[in-house]
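Report on the following structure.
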Amino acid sequence: MATLRDIQRRIRSVQSTQKITRAMKLVAAAKLRRAQERILAARPYASKMAELLGNLVSAADSGEGAPHPLLEQREGPRRQIVIITADRGLAGAFNSNVLRNSLAFVRMSNATALTLVVVGRKARDFYRRRPFTVKRDMVGFWDRLAYSHACELADLFMAQYLEGEVDEVHLIYNEFRSVAVQRPVRQQLLPIPKTEARADAGPPVDYIYEPSAQAILGDLLPRHVRMQVFRALMESLAGEYGARMTAMEAATKNAKDMIEILTIQYNKARQEKITKELLDIVGGAEALKQGAEA
Amino acid sequence: MADRITLEVATPSRLVIGEQVDEAVVPGIEGYFGVLPGHAAFLTTLGIGELTYRIGRDERHAAVAGGFCEVRNDKVIVLADTVELPAEIDRARAERARDRAEQRLSGRSGEDIDYARAAAALARALVRLQVVARPQ
Numbered sequence: 144m145a146t147l148r149d150i151q152r153r154i155r156s157v158q159s160t161q162k163i164t165r166a167m168k169l170v171a172a173a174k175l176r177r178a179q180e181r182i183l184a185a186r187p188y189a190s191k192m193a194e195l196l197g198n199l200v201s202a203a204d205s206g207e208g209a210p211h212p213l214l215e216q217r218e219g220p221r222r223q224i225v226i227i228t229a230d231r232g233l234a235g236a237f238n239s240n241v242l243r244n245s246l247a248f249v250r251m252s253n254a255t256a257l258t259l260v261v262v263g264r265k266a267r268d269f270y271r272r273r274p275f276t277v278k279r280d281m282v283g284f285w286d287r288l289a290y291s292h293a294c295e296l297a298d299l300f301m302a303q304y305l306e307g308e309v310d311e312v313h314l315i316y317n318e319f320r321s322v323a324v325q326r327p328v329r330q331q332l333l334p335i336p337k338t339e340a341r342a343d344a345g346p347p348v349d350y351i352y353e354p355s356a357q358a359i360l361g362d363l364l365p366r367h368v369r370m371q372v373f374r375a376l377m378e379s380l381a382g383e384y385g386a387r388m389t390a391m392e393a394a395t396k397n398a399k400d401m402i403e404i405l406t407i408q409y410n411k412a413r414q415e416k417i418t419k420e421l422l423d424i425v426g427g428a429e430a431l432k433q434g435a436e437a
Numbered sequence: 767m768a769d770r771i772t773l774e775v776a777t778p779s780r781l782v783i784g785e786q787v788d789e790a791v792v793p794g795i796e797g798y799f800g801v802l803p804g805h806a807a808f809l810t811t812l813g814i815g816e817l818t819y820r821i822g823r824d825e826r827h828a829a830v831a832g833g834f835c836e837v838r839n840d841k842v843i844v845l846a847d848t849v850e851l852p853a854e855i856d857r858a859r860a861e862r863a864r865d866r867a868e869q870r871l872s873g874r875s876g877e878d879i880d881y882a883r884a885a886a887a888l889a890r891a892l893v894r895l896q897v898v899a900r901p902q
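Now the structure itself:
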């Protein structure tokens, strides 16, 4: 049976943990809001570009000439997988979901022709301990995530792809569905899937092109790839904060429940102690009285 | 036909300008082009230059670099890699960038230079200085 002081100590310990989890929850909530705003702010550019891309790809389909190299489907075996996680934990299953998912896909791939790119400390540490070729890692940038980070990654992928070092590039990251729901998704980045490229085509427009439709498409595709990477990074960041907020809210609630249980235990123990002391006193007084009578 | 056109300027991270304007002059890859209401559907890549738009008699400017411009149904949509409004331009920094690029191009620094990159940097710096020098 725990002594009163032990219980008190535990209550205090849980209380201070609760303070931390509550603070983390508030911080995550504030950062989540900012991350969500950024996703919204990027939408005008992203949606317009998707539309232009659709129109141009559809137009290019009917035209002559070879398709753009970034659209060309190759049959090579060399696959690159990009795994995006957070730098930090304490975000529920956020990181482990992506890592588990990626490991399954990695194992399915041809090991000799596989390279990895790991984004986020958790992914880096996870794959460092395993026998895979990590081509590049990128950590410690989440707090100042900018479009330039996406460009750096995307340009690396495209350079390798165009050089023929890799034949396909896939992203695995947490998609931000809602504050409480993040889902690991896999997306083929390169070659750009044709169905995806065409998906947002509006009604055909008879543009005057300058310099030419094909040249504009050539300019647009790399930007599309950069934007896809940027979007994946922003979704992952918002997802991380969402997951951390949910996890910390649960932790705060658990701490509260625990404090309640411990408080009840404490009161019970205190009452028992008082009762015991009373009995001792009464018993002692009884004994004295009997001693005096005798 | 509307008597005004809608101008939207967006970068990957935000929508910078969204406004009804009377006229827009955009730096296309093959030169500046003006857009007035009733313009034909037009799609071009952007060069590095100064975007000018006019609302009534009020003329405003922004430095843009790289991207696309679509004109359609009295709507001008500029998707640029970077957009800087006059208030956001740091004149001293642009001057330093200009000097650095000039020095590289003249070959005096002795570094192994990437000519195209230096030339683009110079063009961007000059455009920034031009935009920031406009009467506000």
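Chains Y and G are the protein sequences, given in the same order.
Just so we're aligned, residue 144 is where the first sequence starts under this note's numbering, counting upward by one.
Just so we're aligned, residue 767 is where the second sequence starts under this note's numbering, counting upward by one.
Just so it is clear, CB atoms sit at the ideal spot from N, CA and C, and this is done for glycine as well.
All values derive from a computational prediction rather than experimental measurement.
Could you check whether residue j and residue i sit closer than 8 Å to each other, using their CB atoms as the reference points?
i         : j         : result
Y/His-292 : Y/Phe-284 : yes
G/Ala-828 : G/Val-792 : no
Y/Ile-226 : Y/Ile-154 : no
Y/Ala-178 : Y/Leu-380 : yes
Y/Leu-242 : Y/Phe-275 : no
Y/Phe-237 : Y/Gln-325 : yes
Y/Lys-278 : Y/Leu-305 : no
Y/Glu-378 : Y/Ile-224 : no
G/Val-837 : G/Ala-807 : yes
Y/Met-192 : Y/Met-370 : yes
Y/Lys-162 : Y/Met-388 : no
Y/Ile-359 : Y/Leu-199 : yes
G/Arg-864 : G/Ala-884 : no
Y/Ala-189 : Y/Glu-383 : no
G/Ala-814 : G/Val-898 : With the sequence shown as reference, residue 814 of chain G is identified as Ile, and Ala is not the correct amino acid for it. No, Cβ-Cβ distance for G/Ile-814 and G/Val-898 is not below 8 Å.
Y/Leu-288 : Y/Leu-376 : yes
G/Tyr-819 : G/Ala-853 : no
Y/Ala-340 : Y/Gly-197 : yes
Y/Val-322 : Y/Gly-385 : yes
G/Leu-812 : G/Cys-835 : yes
G/Thr-848 : G/Thr-772 : no
Y/Ile-150 : Y/Ala-398 : no
Y/Leu-296 : Y/Val-372 : yes
Whole angstroms are fine: how far does the CA of residue j sit from the CA of residue i?
i         : j         : result
G/Ile-795 : Y/Leu-333 : 27 Å
Y/Lys-432 : Y/Ile-424 : 12 Å
G/Glu-850 : Y/Ala-254 : 46 Å
G/Ala-887 : G/Arg-857 : 15 Å
Y/Pro-187 : G/Leu-809 : 17 Å
Y/His-313 : Y/Arg-221 : 11 Å
G/Ala-891 : G/Ala-846 : 16 Å
Y/Glu-436 : Y/Leu-422 : 21 Å
G/Arg-826 : Y/Asp-362 : 28 Å
Y/Gln-216 : Y/Asp-204 : 14 Å
Y/Lys-265 : Y/Ser-239 : 9 Å
G/Gly-873 : G/Leu-781 : 39 Å
Y/Val-282 : Y/Arg-267 : 8 Å
Y/Gly-263 : Y/Phe-319 : 17 Å
Y/Arg-353 : G/Gly-832 : Residue identity differs from the one stated: residue 353 of chain Y is Glu in this sequence, not Arg. Cα to Cα, the separation comes out at about 14 Å.
G/Pro-901 : Y/Asp-298 : 39 Å
Using the DSSP secondary-structure output, state which residues sit across from residue i in a beta bridge.
i         : result
Y/Gln-325 : Y/Phe-319
Y/Met-401 : Paired residues: none, contrary to the question.
G/Gly-797 : G/Gly-794
Y/Ala-236 : Y/Ala-234
Y/Asp-280 : Y/Val-261
Y/Leu-314 : Y/Val-225 and Y/Gln-330
G/Leu-773 : G/Glu-785 and G/Val-842
G/His-805 : G/His-805 is not bridged to any residue.
Y/Ile-407 : According to DSSP, Y/Ile-407 bridges with nothing at all.
G/Tyr-819 : G/Ala-790 and G/Arg-826
Y/Leu-431 : Partner(s): none; Y/Leu-431 has no beta bridge.
* At which residue ranges does the region 332-395 of chain Y contain complete alpha helix (DSSP H) runs of 4 or more residues, listed in the order of the chain? -> 337-341
* Asked: When Cβ atoms are compared, which residues of the region 834-849 of chain G fall closer than 7 Å to chain Y?
  -> Those would be Phe-834, Glu-836, Arg-838, Ile-843 and Leu-845, in chain order.
* **Contact list for the region 173-184 of chain Y against chain G, Cβ threshold 9 Å** => Within the region 173-184 of chain Y, the residues whose Cβ lies closer than 9 Å to some Cβ of chain G are Arg-181 and Ala-184, listed in chain order.
* Enumerated in chain order, which unbroken segments of the beta strand (DSSP E) with a length of 3 residues or greater are wholly contained in the region 830-863 of chain G? -> 841-850
* Contact residues within the region 779-799 of chain G, judged by C-beta distance below 7 Å to chain Y -> The residues in question are Ser-779, Arg-780, Leu-781, Gly-794, Ile-795 and Glu-796.
* Members of the region 799-812 of chain G near chain Y, C-beta cut-off 7 Å -> Ala-806, Ala-807, Phe-808, Leu-809, Thr-810 and Thr-811
* Mind checking the region 328-358 of chain Y against chain G and listing, in chain order, the residues whose C-beta falls within less than 9 Å of any C-beta there? => Val-348, Asp-349, Tyr-350, Ile-351, Tyr-352, Glu-353, Pro-354, Ala-356 and Ala-358
* Closer than 8 Å, Cβ to Cβ, to anything on chain G: give me those residues from the region 365-389 of chain Y, in chain order. => Arg-366, Arg-369, Met-370 and Phe-373
* Along the region 186-206 of chain Y, what residues have a CB closer than 7 Å to any CB found in chain G? -> Pro-187, Tyr-188, Lys-191, Met-192 and Leu-195
* In chain order, each beta strand (DSSP E) run of at least 3 residues that lies wholly inside the region 153-209 of chain Y -> For the region 153-209 of chain Y, not a single whole beta strand (DSSP E) run of length 3 or above is found.
* In chain order, which continuous runs of the alpha helix (DSSP H) of length 4 or greater are located wholly inside the region 287-313 of chain Y? -> 290-306
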